[in-house]
Structure formats: C-alpha cells, structure tokens
Amino acid sequence: MDRKMQEIGDKVQQNIRLSKEDGIYLYQSNDLLAIGEMARTRKLEKTGRYVYFNVNRHINLTNICVSRCKFCAFGVDEDGTGGPYVMSPDEAFEFGAEAVDYGITEFHVVSALHPTKPFDYYIEVIRRLHDTYPHIHIQAFTAVEIFYFAQISGLSVREVLTILKEVGLGSMPGGGAEVFNDDIRRELCPRKAMSEDWLEVHRSAHELGIKTNCTMLYGHVESIEDRINHFIRLRELEDQAPGFQSFIPLPFLPENTKLSHVRRTSAIDDLKTMAIARLMLDNIDHIKAFWIMLGIPLAQIALEFGADDLDGTIVEERIMHSAGAQTEKGIDKTSIIELIRESGYTPVERDTLYNIIEIF
Ligand code: V47
208 MDRKMQEIGD KVQQNIRLSK EDGIYLYQSN DLLAIGEMAR TRKLEKTGRY
258 VYFNVNRHIN LTNICVSRCK FCAFGVDEDG TGGPYVMSPD EAFEFGAEAV
308 DYGITEFHVV SALHPTKPFD YYIEVIRRLH DTYPHIHIQA FTAVEIFYFA
358 QISGLSVREV LTILKEVGLG SMPGGGAEVF NDDIRRELCP RKAMSEDWLE
408 VHRSAHELGI KTNCTMLYGH VESIEDRINH FIRLRELEDQ APGFQSFIPL
458 PFLPENTKLS HVRRTSAIDD LKTMAIARLM LDNIDHIKAF WIMLGIPLAQ
508 IALEFGADDL DGTIVEERIM HSAGAQTEKG IDKTSIIELI RESGYTPVER
558 DTLYNIIEIF
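Take 208 as the starting number for the sequence shown in this note's numbering and just add one per residue.
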C-alpha cells in the first residue's frame, strides 16, 4: 500500500472526512481490495453485519415523457413506437393492490414527465393508494417529477410537496440526480430539472420532514471529477438539511438508448464506485446495491465493498429492463434472504424508513 493510500486509510479510521483529491486518488488507484476494505470497515461501523431489504412494488404510472433523456430507454412519445401507456388512477390502484397480499410494505411510485396529465392526476393516485392502504408506505416521485409538477401547476415546489404529503406521500426516491454537471445535463437531458433544481427539491423535502434517497447515474460521458463533485454536493446538502436515507449508484445501461455505443461499466468500476460512495458520503447511513442493475452475483460482492442494502423484491421493474438489464423483474423474499445469508451477512427486512420489521 502506498503512502497516500495509507494516509486515506488513517483518515477513514479516525473518521476524518475525505477530500475531493482523496476521492479522485481512490478512483485512479488499482488497489481495489484496499479501497473495498476501507469501505467495508465503514459499513461495519455504521450498520454492523446487517444487510437490509424491503418488500415493495414499483408502479411506473406512464412511459410517455416530454424529457426524452438520451440515457433513458423507458420514455417514449405519446404517438410514437415503444408501447406508450398511461395508467388511470384506477389501474394504478389495481396494480398496487395486486401486490398487497404478498406482504409489501412499500409502494414505489415513479412516473415520467407526461405532456398533459395535470398535477391532480398524481394527487389522485397517491390519495387512492393511501386511503385504502394507510399502513403501506408510499415512496413516490423523483425530484425531477416534483419540479415538473410545480411547473405544470404553477405552484411552488414546497406547495407541491406539502399537498402530496397531506394525501399520503411518505418519502421520495433518489432518481433524476444523474450527475451534477449542467453541461452534461444540457447535452443529455436539457428539458428537465438542472442540478441545483434537483438539490433544492430535496432540501425542501428534508425541511418538510420528508426523507429522501439519492442516486448518481455513472458510466456515460461524465469524468471521475464529476462523480466526486456529485458526492461532495450530496454530502454538503446532507450537512445543511439532513434527510437522505440512502445512496444508490446507478451504472448506466446503454441498450436501446441514444448512447447505445457507450460500453457498459466494468465490475471493477461498479465495485470501486460503491466503495468510494461509502467513503465519500460519510453522513449518509445506507448505500444500496441495486441488484436489478448489478445482477445478483455482483450485488452480493458489493456487500463487501460498503453496501448494506439490496433494495427490494420489486415485482415488476420497467426502467432498467427497457435499457437491457438481464436480471429478473422481481425476486421473492426467501431468495433475497438466502442471497444475503450466502454472503455471510444477517438479512434484515426493513420498512422504507429503515425501521426493522424482522431479523432473519
Ligand atoms: O432517474 C434511467 C436512471 C433512475 C437508465 O430511491 C438509468 O430507492 C441506468 O432512481 N441505465 C430511476 N440508469 C431509478 C431510481 C431508483 C431505483 C431504485 C431505487 C431508488 C431509490 C431509485 O434510473 C433515473 C435515472 O437516473 N436511469 N435510464 C439507464 N439506461
């Protein structure tokens, strides 16, 4: 181990925050096991041998989207190819209700930026699910959607969040963050919230007592410096307005996107990113290995690289599968418990807010 790596190791041991230069150094290093070991130590300090999962159902209300981000294979035009669909509030309700008997504790509702549906439509979807199943937590709408709802309704972001909270929104997922470099956003996704907009929505949510997650989409056109800047902006927001529960690194899946020429990230990059996220995001407790994207074998290994959560059982994932994810669209609870046990960790079913439901 060289001197700089030793220095970073000492900082990690003494809980001293890593700098931007440290983060870049880690990315440039080939000493994957040293990086993994530091991240594993941090994970063990934070959450011991627990590895969390939840039993949830994803409901993607529509794939019709005015944003049409270059990295996305899910969004389509209203009158175009690719099977445009939009669920009515009744259909969304039925789709969610089907999963209730499987013991889900969370509805994970994410939409697209639909050209004509009014804000009332989204309110109605949340209200219906919450009124019938008040015990099931609703995690809904990325910051990009919330920002869009404010634009289409003429309300402020704070008003949009307050209304959604009143009808049953419990927390927000972390999507839409992509990478906080507005030159890249202008190139890949110019028609949606910019970096500061995304961060401000999460700040408002945290101030209103709504917990959120955060993500980073990596492995497209961004640089290592962009990734480290992204981590730094997330942890600065968490310092100022705490409320992030977990971070989910999202490796870019190029299939069926306008960036299909880009090579998929390597396992080395995925594991490094997991570990460096754990080390840089010292004020965010949970790091998720989203098995849907990584695949189960790599998600299991990621548990040795700082991850402490495998997300959920999901049932029917659409966004990543449009972009070529080869994994199943869902997994049952017994299998998720088994794969955590196989990795030598203790499976813990959690609710969305990380309250423990059962330790297996
Ligand atoms: O915002 C879109 C990303 C996100 C692709 O908060 C892609 O717990 C890779 O954010 N390749 C949506 N990624 C999913 C998401 C999420 C998933 C699971 C859990 C949570 C959580 C959040 O997926 C989008 C975008 O950043 N994305 N297209 C693609 N081709």
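Each residue gets a CB set at the ideal place from its N, CA and C atoms; glycine is no exception.
Computed from a predicted model, the values in this text were never measured in an experiment.
- Remark: C-beta atoms of His413 and Pro449 approach each other more closely than 8 Å.
- Look at Glu432 here: in three-state DSSP terms it is helix.
- With 16 or more other Cβ atoms inside 10 Å of its own Cβ, Lys399 counts as buried.
- At least one heavy atom of the ligand V47 sits closer than 7 Å to the Cβ of Ile526.
- Secondary structure note for Phe497: it is in no alpha helix (DSSP H), with a DSSP letter that is neither H nor E.
- Annotated three-state conformation of Asp516 is strand, per DSSP.
- By the Cβ neighbour-count rule, Leu251 is exposed, with fewer than 16 other Cβ atoms within 10 Å of its own.
- Excluding the 5 residues flanking it on each side, Ile475 has same chain C-beta neighbours closer than 7 Å at Leu239, in chain order.
- Taking Arg548 as the centre and dropping the five residues before and after it, the same chain places the C-beta of Pro554, Phe567 closer than 8 Å to its C-beta, in chain order.
- Contact between the region 360-371 and the region 316-330 is established, with three or more Cβ pairs separated by less than 8 Å.
- Asp518 is positioned such that its CB atom lies no closer than 8 Å to that of Lys253.
- Taken atom to atom, the span from the alpha-carbon of Arg470 to that of Pro341 is near 44 Å.
- With a cut-off of 7 Å, the C-beta of Asp518 is classified as near the ligand V47, since at least one heavy atom of the ligand falls inside that distance.
- A contact between stretches requires three or more CB pairs, one per stretch, nearer than 8 Å, and the region 374-388 meets this requirement with the region 434-452.
- Per DSSP, the beta bridge partners of Arg557 are Ile563.
- For Glu385, the secondary structure class from DSSP, reduced to helix, strand or coil, is coil.
- C-alpha of Leu233 to C-alpha of Ile483: approximately 7 Å in a straight line.
- DSSP, reduced to helix, strand and coil, places Thr464 outside both helices and strands of the structure shown, so it counts as coil.
- One alpha carbon belongs to Asp284, the other to Glu366, and they sit about 29 Å apart.
- Rounded to the nearest whole angstrom, the C-alpha separation of Cys276 and Ile508 is 31 Å.
- Listed as beta-bridge partners of His344 by DSSP are Glu313.
- DSSP lists Thr422 as the beta-bridge partner residues of Ile455.
- The region 456-464 makes no contact with the region 253-269, as fewer than three CB pairs between them are under 8 Å.
- With a cutoff of 8 Å on beta-carbon distance, Gln533 and Gly502 are scored as near each other.
- In this structure, Thr349 sits near Gly383, with a CB-CB distance shorter than 8 Å.
- Between Glu394 and the set Leu478, Lys465, Ala241, Thr419, the nearest pair of CA atoms involves Lys465.
- If you ignore the 5 residues before and after Cys272, its C-beta comes within less than 6 Å of the C-beta of Gly282, Ala319, Leu320, all in its own chain and listed in chain order.
- Residue range 364-374 is occupied by the alpha helix (DSSP H) that includes Val367.
- The beta-bridge partner set that DSSP reports for Val293 consists of Thr269.
- A heavy atom of the ligand V47 is found nearer than 7 Å to the CB of Cys279.
- Leaving aside the five residues that flank Ile215 on each side, the residues in its chain whose CB is nearer than 6 Å to its CB run, in chain order, Asp229.
- Excluding sequence positions up to five before and after Ile370, its CB lies within less than 7 Å of the CB of Ile330, all in the same chain and listed in chain order.
- The three-state secondary structure of Ser378, taken from DSSP, is strand.
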